[in-house]
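Residue numbers (the working numbering): 15 to 228. All C-beta atoms in this analysis are idealised placements derived from N, C-alpha and C, irrespective of residue type, glycine included.
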């Protein structure tokens, strides 16, 4: 697993992120608390993931005098959740950058092949001029993440980041091998996938737990 030390892969060890992920794992954590924890973890991860956004000096008049001061440059940011669980992380990023645009990529997992099937894609334009953060709480087989990033690249996306809360080694390796040029942020790297392609120890179905469905 030496590739996990690649510079474009960040696996968080921050105590707040780890504590909140442990609360997510608990099967007794209710829908409201689960939803808030996902949002909070996304905000903590986003604080690091967005640390390289370009800045430019602009003129601002303070109550004392005019000054030149840095602000985010260019077309700023787009957040693209992989539906539906990825929606749970969007507000965490928007808390940091409220002006960010939001796109959507819809995929579901074929229960027999465990591979993603795409049914929707709508991205903010011009896609090629934006920093795009793809969100999905779970990076399991990696199929959905790989296909989502491929779609964004097809529409011209160049600066792409992927944020998840937990990942299986198999999915992280697959995403890194398919798209070695993107930045990947992982809240916690779990042990493995089971025979049903679920992350172990995992936290169950993130979409069901976020939206209170079964």
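Residue i, enclosing alpha helix (DSSP H) - first and last residue
i, result
"residue 212", "Careful: residue 212 lies outside any alpha helix (DSSP H) and carries neither H nor E."
"residue 201", "Taken as a continuous stretch (DSSP letters only), residue 201 belongs to no alpha helix (DSSP H), being part of the beta strand (DSSP E) at 197 to 203."
"residue 50", "45 to 63"
"residue 224", "220 to 225"
"residue 165", "157 to 168"
One or two residues paired with residue i in a DSSP bridge
i, result
"residue 120", "97 and 134"
"residue 27", "Paired residues: none, contrary to the question."
"residue 71", "84"
"residue 92", "115 and 146"
"residue 237", "In this structure the chain extends from 15 to 228, so residue 237 is not present and cannot be described."
"residue 206", "214"
"residue 153", "181"
Burial state of residue i (16 or more Cβ within 10 Å)
i, result
"residue 215", "exposed"
"residue 178", "buried"
"residue 199", "buried"
"residue 83", "exposed"
"residue 171", "buried"
"residue 68", "exposed"
"residue 210", "exposed"
"residue 175", "buried"
"residue 224", "buried"
"residue 102", "buried"
"residue 15", "Annotation note: pLDDT 48 at residue 15 (below 50); position unreliable, coordinate value reported separately. Residue 15 should be labelled exposed."
"residue 106", "buried"
"residue 72", "exposed"
"residue 78", "exposed"
"residue 74", "exposed"
Rounded Cβ spacing between residue i and residue j (contact assumed at less than 8 Å)
i, j, result
"residue 182", "residue 204", "6 Å"
"residue 110", "residue 61", "7 Å"
"residue 94", "residue 137", "6 Å"
"residue 132", "residue 161", "6 Å"
N- and C-terminal bounds of the beta strand (DSSP E) containing residue i
i, result
"residue 114", "Here residue 114 belongs to no beta strand (DSSP E), and DSSP marks it neither H nor E."
"residue 174", "173 to 181"
Among the options, the one whose alpha carbon lies nearest that of residue i
i, options, result
"residue 201", "99, 158, 82 and 153", "153"
"residue 34", "110, 171, 25 and 54", "54"
"residue 155", "145, 168, 120 and 207", "207"
"residue 24", "213, 222, 180 and 212", "180"
"residue 96", "114, 122 and 194", "122"
"residue 29", "59, 45 and 41", "59"
"residue 66", "149, 140, 120 and 86", "86"
"residue 118", "186, 141, 81 and 109", "141"
"residue 196", "104, 148 and 137", "148"
"residue 146", "92, 72 and 31", "92"
"residue 99", "56, 26 and 41", "56"
"residue 129", "158, 41, 120 and 116", "158"
"residue 125", "212, 36 and 217", "212"
"residue 70", "46, 90 and 163", "90"
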